[in-house]
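Colleague: Before anything else, here's the structure in question.
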């Protein structure tokens, strides 16, 4: 398939000059206001200092501000995809020596250690392995195009978890054979850039390490698929960008009574 995984570059939308200046003024005044995550209130009139005003303040619920923020986020992402030819997603990576990275490593290692002990037990325990193959099956199916019925049927037949359980009960399940089928299927579905990864899978003899690396390569293939979709959509987004951004910006204005509320939310959200 003609798609490759590359690096993600995230940018920001460039609003019109008048809107940009008004946003800058709002940002400068944010420190003078207190923001609440539950509701955001603004005066119904720009002349809020008038003591004779009897109109109650307009209250914007947190859900409405969240909707406005999603619109703003979507608009930013669409703009970046349309104008940045090198925009790509990449797999998230935690800092190598961070606490989160260490915890993730410990938890994952514990899982694979348990799986290995189950498969080496006498008699072997296959339930966790069967669940892994079930997840692998769904991932492989997600890569198929609507016309890939023959391969779809084959994947469902070979990775039929009910059948695998029946085989396991009679100690007739071939975990290595199932893994080999998965690797072969991945080779048919992956981008050329993943060919070396698939070859490494074929050269790995330890079944637990094979399953572990299968999930790693499948994650990379998911990113490849997303980036392929982004490249396919870019020409369409470029043609529709102006109308899309105009519509989305109007939705933001309608969902919040003032730009102050939008910027107030942004300050709270990213503190």
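Residue numbers (UniProt numbering): 1 to 271.
Here a beta-carbon is modelled for each residue, glycine too, at the ideal position from N, C-alpha and C.
Does the region 76-84 come within contact of the region 233-247, defined as at least 3 CB pairs closer than 8 Å?
Modeller: yes
Colleague: What are the boundary residues of the alpha helix (DSSP H) that includes residue 182?
Modeller: 175-189
Colleague: Around the Cβ of residue 156, are there at least 16 other Cβ atoms within 10 angstroms (buried) or fewer (exposed)?
Modeller: exposed
Colleague: Can residue 183 and residue 159 be called in contact, C-beta distance under 8 Å?
Modeller: no
Colleague: Measuring alpha carbon to alpha carbon, tell me which of 207, 126, 134 ends up nearest residue 170.
Modeller: Looking at 207, 126, 134, the one whose alpha-carbon comes closest to that of residue 170 is 126.
Colleague: Where does residue 115 land, buried or exposed, given buried means 16+ other C-beta within 10 angstroms?
Modeller: buried
Colleague: Leaving out the 5 sequence neighbours to the left and right, which residues in its chain are closer than 8 Å to residue 244 when beta-carbon positions are compared?
Modeller: 75, 78, 237
Colleague: Quick one: Cα of residue 146 to Cα of residue 168, how far?
Modeller: 32 Å
Colleague: Below 7 Å CB to CB, which residues in the same chain sit around residue 91 once its five sequence neighbours on both sides are set aside?
Modeller: 219, 220, 223.
Colleague: For the alpha helix (DSSP H) that contains residue 149, what are its first and last residues?
Modeller: 149-158
Colleague: Use the C-beta contact count for residue 250: other C-beta atoms within 10 angstroms, 16 or more gives buried, fewer gives exposed.
Modeller: exposed
Colleague: Going by C-alpha to C-alpha distance, which of 86, 105, 89 sits closest to residue 286?
Modeller: Residue 286 lies beyond the stretch modelled for the chain, which goes from 1 to 271, so this question has no answer here.
Colleague: With DSSP run on the structure shown, which of helix, strand or coil describes residue 170?
Modeller: coil
Colleague: Using the C-alpha atoms, what's the distance from residue 253 back to residue 193?
Modeller: 44 Å
Colleague: Can you tell which of 231, 196, 179, 152 has the C-alpha that lies nearest to the C-alpha of residue 214?
Modeller: Per the Cα distances, 179.
Colleague: Tell me which residue opens and which closes the alpha helix (DSSP H) that residue 139 is part of.
Modeller: 127-142
Colleague: By DSSP, does residue 21 sit in helix, in strand, or in coil?
Modeller: Per-residue confidence for residue 21 stands at a pLDDT of 46, beneath the threshold of 50, marking its modelled position as unreliable; the derived number appears in the next sentence. The answer is helix: DSSP assigns residue 21 an H, G or I state.
Colleague: Within this structure, are the beta carbons of residue 119 and residue 208 separated by less than 8 Å?
Modeller: yes
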